[in-house]
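Trainee: Structure provided below as structure tokens; questions to follow.
Chains as they are written, first to last, in my numbering: chain A, 751 to 997; chain B, 751 to 997.
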């Protein structure tokens, strides 16, 4: 990677950098066994999307950011893959929004929780930002989920009105929607259950999406209004984009 | 996996079994760093194909098998992912065809070569089949490739007229085609360079394809003739199948 890291103009730079982050995440014990396979599935869909942020994705991102800014109790959910790929971007976004990150993983083990929280704390220190990191001591449960998958915190996910859940499992996404929350999904497969269940679905690579959203926050908040946004139309535009690649 | 392995009617049985094989392959040191990500990309395309063998894929498989049967010097190329996923099927096919397997990996290290050859020998013993396994001591080079990626054996890949290369890299596939060989590719992405370069491209999951091809060999060789097979048409049917999933 070192060769490529020195040359951001390399056509595979972004993709190889993300793989490198996944390798670091795996070495740190942050990832589930299936994490690299899930990343590969994402790569395939990103390839079909031309590895770029489409206009319809930008509209979803603007609408999502507007909802997060206007939320009473926003929260950003972080799992192993998100921590590995986009820790800095999630921290910057939480800092901008003045909200918490909550570590919430599908295959919960004390070791993985510790590794992810440790990584986020390390990145906060590196960035010189202080953001509350919840999830270590869950004191609430998401209704409709079984076992450790339901665990969350009352002050974070449970009481949130708007929640960003990048790369989330379909069941959990559905359970959060059923709680009446505005659920913002980031998923490269517009046909996935998470993508279909979400209130606002950003069909884009997570780092590309979050980097742009952070840049918008630095610029001009007023331009973020997307009053006519409809998620089902945005999803249709995503599938149409992929479909057209096979024409 | 144990629970699922006991129940082949589980809807995710095949997919989870393949993941399990990849985990075993990783533990045995057979896989490159990028192997699980590549497997995930395959999963995404298989999902888009409905995880089944389509009629156009069956025709490509019949044509490929006919070419292998009629070949003077057929050879089956095995890399890390193929060894992890489909060792038994590759051994059975080589045994039926009375030809060699040649281990030929993109990221060649002595450790990975040893692990893959050891695994194949173990599976041969388990199946009670004796098949020559080449590749340990390369004595030839594929023209047009650089460094260890060109290494092959004269008696295997170099002198072959028909070669089966499942899950092969695009550059190597192209170099083999340029040598005038009939190159049979197995690749789930019909748009990939390997798929586009191959003489006969089987767009299907490798184990599903090879299992069916072995079953045909047990049945009736005469039904394998596909005189009107055209690869570009087969690839178009594959892309059309995926496209229609987005309608």
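Glycine included, C-beta positions come from ideal geometry on N, C-alpha and C.
(1) Specify the secondary structure class of residue 824 of chain A as computed by DSSP and reduced to three states.
(2) Rounded to the nearest angstrom, what separates residue 933 of chain B and residue 915 of chain B at their Cα positions?
(3) Evaluate residue 827 of chain A with the Cβ neighbour count: other Cβ atoms within 10 Å of its Cβ, from every protein chain shown; 16 or more gives buried, anything less gives exposed.
(4) According to a CB-to-CB cut-off of less than 7 angstroms, which residues of the segment 931 to 958 of chain B neighbour chain A?
(5) With respect to the alpha helix (DSSP H) encompassing residue 936 of chain B, which residues constitute its N-terminal and C-terminal limits?
(6) When the distance is taken between beta carbons, is residue 952 of chain A closer than 7 angstroms to residue 810 of chain A?
(7) Counting contacts by CB-CB distance shorter than 7 angstroms, is residue 996 of chain A in contact with chain B?
(8) Between residue 883 of chain B and residue 833 of chain B, is the Cβ-Cβ spacing less than 7 angstroms?
(9) Is residue 990 of chain A near the ligand ADP, in the sense that its beta carbon is under 6 angstroms from a heavy atom of that ligand?
(10) Examine chain B for any beta-carbon lying closer than 7 angstroms to the beta-carbon of residue 986 of chain A, and answer yes or no.
(11) Spatial neighbours of residue 912 of chain B within its chain, please: C-beta separation below 6 angstroms, excluding the five flanking residues on both sides.
(12) Suppose the cutoff is 7 angstroms on Cβ atoms and the five residues either side in sequence are ignored; what does the same chain contact list for residue 871 of chain A look like?
(13) When the distance is taken between beta carbons, is residue 844 of chain A closer than 7 angstroms to residue 950 of chain A?
(14) Would you check if there are 3 or more beta carbon pairs closer than 8 angstroms linking the segment 935 to 949 of chain A to the segment 792 to 799 of chain A?
(15) Which residues in the same chain as residue 921 of chain B place their Cβ atom closer than 6 angstroms to its Cβ, once the five residues preceding and following it in sequence are excluded?
(16) Count the other CB atoms, across all protein chains shown, that sit within 10 Å of the CB of residue 869 of chain B; report buried if there are 16 or more and exposed otherwise.
(17) If you draw a straight line from the C-alpha of residue 842 of chain A to the C-alpha of residue 983 of chain A, how long is it?
(18) Quick one: what's got a C-beta closer than 6 angstroms to residue 963 of chain B's C-beta in the same chain, skipping five residues either side?
(19) DSSP puts residue 902 of chain A in a beta bridge; with which residues?
(20) Which residue from A:996, A:976, A:978 and A:967 puts its Cα closest to that of residue 848 of chain A?
(21) With 16 other CB atoms within 10 Å as the buried threshold, where does residue 852 of chain B fall?
(22) Would residue 902 of chain A and residue 908 of chain A qualify as a contact pair, given that the criterion is a beta-carbon distance under 7 angstroms?
(23) Could you pull the start and end residues of the alpha helix (DSSP H) that residue 786 of chain A belongs to?
(24) Give the C-beta separation of residue 960 of chain A and residue 840 of chain A to the nearest angstrom, bearing in mind that I take them to be a contact with Cβ-Cβ under 8 angstroms.
(25) For residue 929 of chain A, which of A:763, A:889, A:978 and A:900 has the nearest alpha-carbon?
(26) Along the alpha helix (DSSP H) that carries residue 761 of chain B, what are the first and last residues, could you check?
(27) Buried or exposed for residue 956 of chain A, please, with buried defined as at least 16 other CB atoms from any protein chain shown within 10 angstroms of its CB.
(28) Drop a sphere of 10 angstroms on the beta-carbon of residue 774 of chain A, count the other beta-carbons inside from all chains shown, and report buried for 16 or more, exposed for fewer.
(29) Would you please state the rounded distance, in angstroms, between the beta carbons of residue 935 of chain A and residue 918 of chain A? I believe it to be under 8 angstroms.
(30) Against chain B, with Cβ distances strictly below 7 angstroms, would residue 767 of chain A count as a contact?
(31) Going along the chain, which residues of its own chain have a beta-carbon closer than 6 angstroms to the beta-carbon of residue 891 of chain A, five neighbours each way excluded?
(32) Which two residues bound the contiguous beta strand (DSSP E) that contains residue 953 of chain B?
(33) Taking the CB atoms as reference points, tell me whether residue 1026 of chain B and residue 786 of chain A lie closer together than 7 angstroms.
(34) Relative to the alpha-carbon of residue 835 of chain B, which residue among B:764, B:975, B:990 and B:889 has its alpha-carbon at the smallest distance?
(35) So what does residue 916 of chain B bridge to, in DSSP terms?
(36) Whose C-alpha, out of B:838, B:830, B:784 and B:805, is nearest the C-alpha of residue 778 of chain B?
Mentor: Judging by the given coordinates:
(1) If you number the first chain from 1, residue 824 of chain A lands on position 74. Annotated three-state conformation of residue 824 of chain A is strand, per DSSP.
(2) Indexing the second chain from 1 puts residue 933 of chain B at position 183. Indexing the second chain from 1 puts residue 915 of chain B at position 165. One C-alpha to the other measures close to 7 angstroms.
(3) Here residue 827 of chain A refers to the residue found at position 77 of the first chain. It counts as buried.
(4) For the segment 931 to 958 of chain B, the set of positions with a beta-carbon nearer than 7 angstroms to some beta-carbon of chain A is empty.
(5) On the second chain, residue 936 of chain B is found 186 positions in, with the first residue counted as 1. Premise fails: residue 936 of chain B lies in the beta strand (DSSP E), 932 to 936, not in any alpha helix (DSSP H).
(6) The residue you call residue 810 of chain A lines up with position 60 of the first chain. The residue you call residue 952 of chain A lines up with position 202 of the first chain. For residue 810 of chain A and residue 952 of chain A, yes; Cβs fall inside 7 angstroms.
(7) Reading the first chain from its first residue, position 246 is the one you call residue 996 of chain A. At least one chain B Cβ lies under 7 angstroms of residue 996 of chain A.
(8) Taking the first residue of the second chain as 1, we reach residue 883 of chain B at position 133. Taking the first residue of the second chain as 1, we reach residue 833 of chain B at position 83. When the beta-carbon positions are compared, residue 883 of chain B and residue 833 of chain B stay at least 7 angstroms from each other.
(9) As for the ligand ADP, it is missing from this structure, which has no ligand bound.
(10) What you label residue 986 of chain A is simply residue 236 of the first chain in a count that begins at 1. Among the CB atoms of chain B, none fall inside 7 angstroms of the CB of residue 986 of chain A.
(11) Residue 912 of chain B sits at position 162 when you count from the first residue of the second chain. Only residues of its own chain outside the window of five on either side were considered, and among them 817, 818, 821, 824 and 932 have a CB closer than 6 angstroms to the CB of residue 912 of chain B, listed in chain order.
(12) What you label residue 871 of chain A is simply residue 121 of the first chain in a count that begins at 1. Beyond the five residues adjoining it in sequence on each side, residue 871 of chain A comes within less than 7 angstroms, by CB distance, of 883 in the same chain, given in chain order.
(13) Walking along the first chain from the start, residue 950 of chain A turns up at place 200. Walking along the first chain from the start, residue 844 of chain A turns up at place 94. For residue 950 of chain A and residue 844 of chain A, no; Cβs fall outside 7 angstroms.
(14) Touching, yes.
(15) Here the question's residue 921 of chain B lines up with position 171 in the second chain. Nothing listed; no residue qualifies.
(16) As a first step, residue 869 of chain B must be located in the second chain, where it is residue number 119. Buried, by the Cβ-count rule.
(17) For this step, residue 842 of chain A is matched to residue 92 along the first chain. For this step, residue 983 of chain A is matched to residue 233 along the first chain. The C-alpha of residue 983 of chain A is placed about 29 angstroms away from the C-alpha of residue 842 of chain A.
(18) One-based indexing of the second chain puts residue 963 of chain B at position 213. The residues are 811 and 815.
(19) Working through the first chain from its first residue, we reach residue 902 of chain A at position 152. The partner list for residue 902 of chain A (beta bridge, DSSP) reads A:890.
(20) Locating residue 848 of chain A in the first chain gives position 98, where the first residue counts as 1. For the residues A:996, A:976, A:978 and A:967, the minimum Cα distance to residue 848 of chain A belongs to A:967.
(21) As a position in the second chain, residue 852 of chain B is number 102, starting the count at 1. Buried, by the Cβ-count rule.
(22) Position 152 of the first chain, counted from the start, is the residue given in the question as residue 902 of chain A. Position 158 of the first chain, counted from the start, is the residue given in the question as residue 908 of chain A. Yes, they are a contact pair.
(23) The residue you call residue 786 of chain A lines up with position 36 of the first chain. Here the alpha helix (DSSP H) through residue 786 of chain A covers 785 to 798.
(24) Translated into the one-based positions of the first chain, residue 960 of chain A becomes position 210. Translated into the one-based positions of the first chain, residue 840 of chain A becomes position 90. With 8 angstroms as the limit, residue 960 of chain A and residue 840 of chain A qualify as a contact, their Cβ atoms being about 7 angstroms apart.
(25) Mapped onto the first chain, residue 929 of chain A falls at position 179. Of the residues A:763, A:889, A:978 and A:900, the one whose Cα lies closest to the Cα of residue 929 of chain A is A:900.
(26) Position 11 of the second chain holds residue 761 of chain B. Note, residue 761 of chain B: premise wrong, no alpha helix (DSSP H); not H, not E.
(27) What you label residue 956 of chain A is simply residue 206 of the first chain in a count that begins at 1. Only buried fits residue 956 of chain A, as 16 or more other CB atoms lie within 10 angstroms of its CB.
(28) The count along the first chain starts at 1 and reaches residue 774 of chain A at position 24. With fewer than 16 Cβ atoms within 10 Å of its Cβ, residue 774 of chain A is classed as exposed.
(29) The residue given as residue 935 of chain A occupies position 185 in the first chain. The residue given as residue 918 of chain A occupies position 168 in the first chain. Indeed they touch by this definition, with Cβ atoms about 6 angstroms apart.
(30) If you number the first chain from 1, residue 767 of chain A lands on position 17. Output row for residue 767 of chain A: interface = no.
(31) The residue labelled residue 891 of chain A in the question sits at position 141 within the first chain. Only residues of its own chain outside the window of five on either side were considered, and among them 900 have a CB closer than 6 angstroms to the CB of residue 891 of chain A, listed in chain order.
(32) As a working mapping, residue 953 of chain B is identified with position 203 in the second chain. No beta strand (DSSP E) contains residue 953 of chain B, which DSSP labels as neither H nor E.
(33) No answer is possible for residue 1026 of chain B: it lies beyond the span of chain B, which begins at 751 and ends at 997.
(34) Translated into the one-based positions of the second chain, residue 835 of chain B becomes position 85. For residue 835 of chain B, the closest alpha carbon among the candidates B:764, B:975, B:990 and B:889 is that of B:764.
(35) Taking the second chain and counting its residues from 1, the one referred to as residue 916 of chain B is at position 166. For residue 916 of chain B, which the question treats as bridged, DSSP gives the partners B:936.
(36) Here residue 778 of chain B refers to the residue found at position 28 of the second chain. For residue 778 of chain B, the nearest C-alpha among the options comes from B:830.
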